[in-house]
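Here's the structure we're looking at; comments come further down.
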Amino acid sequence: MAVAFVFPGQGSQTVGMGKALAANFPAAAKVFAEVDEALGDKLSSIIFEGPADRLTLTENAQPALMAMSLAALRVLEQEAGFDLARDAQFVAGHSLGEYSALAAAGAFTLADTARLLRTRGQAMQKAVPVGVGAMAALIGLEFDAAAAVAAEAAQGQVCQAANDNGGGQVVVSGDKAAVERAVEIAKGKGAKRAMILPVSAPFHCALMQPAAAAMADALSKVSIKPPVVPVVANVLAKPIQDPVEIVRALVTQVTGTVRWRESVAFMAGAGVTRFTEIGTGKVLGGLIKRIAEGATTSAVGSPEDIAAFKAAQTH
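Per my numbering, the sequence shown starts with residue 24, numbered consecutively.
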């Protein structure tokens with residue numbers, strides 16, 4: 024039975040995530056301490072204690088979610104004898120989760136990943152002044168229909184399909200007026216629901232070009248090893264292992280579509296029947312169930328989840 028490990032993206036963060044892991048397992052506490060040190064900032068206290076509005080800031084949410092995922096992974100390795108290279112066929116992550124997947128697979132060090140995500144969060148926030156861009160979820164339209172809605176709504180502005188999440192859930196991103204037009208057009212084209220999302224910037228569209236340039240610069244300064252497990256890249260929906268290709272995919276990802284539906288379909292097509300979500304929440308598991316028929320999903324983010332994972336390993 025082939026297994027893939029997947030890593031959540033922005034929006035999954037909650038105050039208090041990882042607190043029980045850090046309190047119960049030194050391996051988890053060490054990850055949070057290492058991330059704090061890399062950033063020169065007590066990010067762990069914002070993760071564990073809040074306030075929520077500070078954790079939600081893109082520059083905090085991105086490294087925080089990665090820290091949470093890597094803390095859970097380190098505990099699995101220590102407590103359940105888990106070995107990613109041996110036990111996983113693929114890893115993948117949603118947007119910033121791709122960095123978590125790469126760190127998990129040893130392509131980046133933990134410290135470099137934390138700093139890259141802080142840079143990414145700051146650059147994405149700075150690329151577009153607050154209120155200029157927007158994102159909207161179109162529910163009940165397949166990807167091609169949603170992309171056509173975005174193209175029709177653009178009218179000389181930016182509006183593009185940002186996330187193809189699967190199960191008839193597509194997120195569009197771009198100039199605020201264009202995204203608002205897309206919401207109205209989508210309703211006329213039979214979308215079950217179309218709504219503006221509470222995000223601070225229009226991610227994964229051409230407006231993010233300044234952030235893509237910032238990431239190209241930041242990535243050129245870190246050392247990247249080939250991952251021990253193939254990483255299914257968001258923008259390619261296929262696995263990559265060459266460091267040069269990894270950089271190219273991560274830079275493209277800032278302005279490009281997160282092809283999550285196709286990425287999951289690729290893994291399922293390659294024989295993966297079990298998907299384990301590492302980190303906080305169960306968002307990806309819900310999406311995966313709608314994309315890969317018959318796939319089983321589980322989530323590992325708490326001491327209870329670790330115990331359940333261990334128990335499952337022994338049967």
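Backbone N, C-alpha and C fix where the C-beta goes; we use that ideal spot for every residue, glycine too.
Model, not experiment: these values are computed from the prediction.
CB of residue i within 8 Å of CB of residue j, strictly
i	j	result
Ala103	Lys333	yes
Ala168	Ala205	no
Pro31	Gly309	no
Val29	Leu307	yes
Gly163	Gly144	no
Ala159	Val194	yes
Gly197	Gln178	no
Ala27	Val295	yes
Gln148	Glu82	yes
Lys360	Val172	The requested residue 360 does not occur in the structure, where the chain is confined to residues 24 to 338.
Ala201	Val181	yes
Asp187	Arg284	yes
Beta-carbon separation (whole angstroms), residue i vs residue j, contact threshold 8 Å
i	j	result
Val258	Thr280	7 Å
Phe298	Ala318	6 Å
Ala137	Ala235	Going by Cβ atoms, the distance from Ala137 to Ala235 rounds to 20 Å, so no, they are not a contact pair.
Phe113	Pro262	6 Å
Leu107	Ala127	6 Å
Strand pairing of residue i, partner residues [DSSP]
i	result
Leu161	Val193 and Ala217
Glu57	DSSP, once it has assigned bridges, lists no residue as partnering Glu57.
Val281	Asn186
For residue i, the first and last residue of its enclosing beta strand (DSSP E)
i	result
Glu300	Val295 to Ile301
Val114	Phe113 to Gly116
Pro262	Lys261 to Ile263
Phe30	Ala25 to Phe30
Val254	Val254 to Ala256
Reduced DSSP category for residue i - H, G, I as helix; E, B as strand; rest coil
i	result
Gly73	coil
Asn188	strand
Thr319	strand
Pro49	helix
Gln36	coil
Gly156	strand
Asp64	coil
Asp198	strand
Start and end residues, alpha helix (DSSP H) containing residue i
i	result
Val222	Run containing Val222: none; DSSP gives neither H nor E here.
Leu88	Thr81 to Ala103
Ile314	Val306 to Ile314
Ser123	Gly120 to Ala127
Lys333	Pro326 to Thr337
Lys149	Leu133 to Ala150
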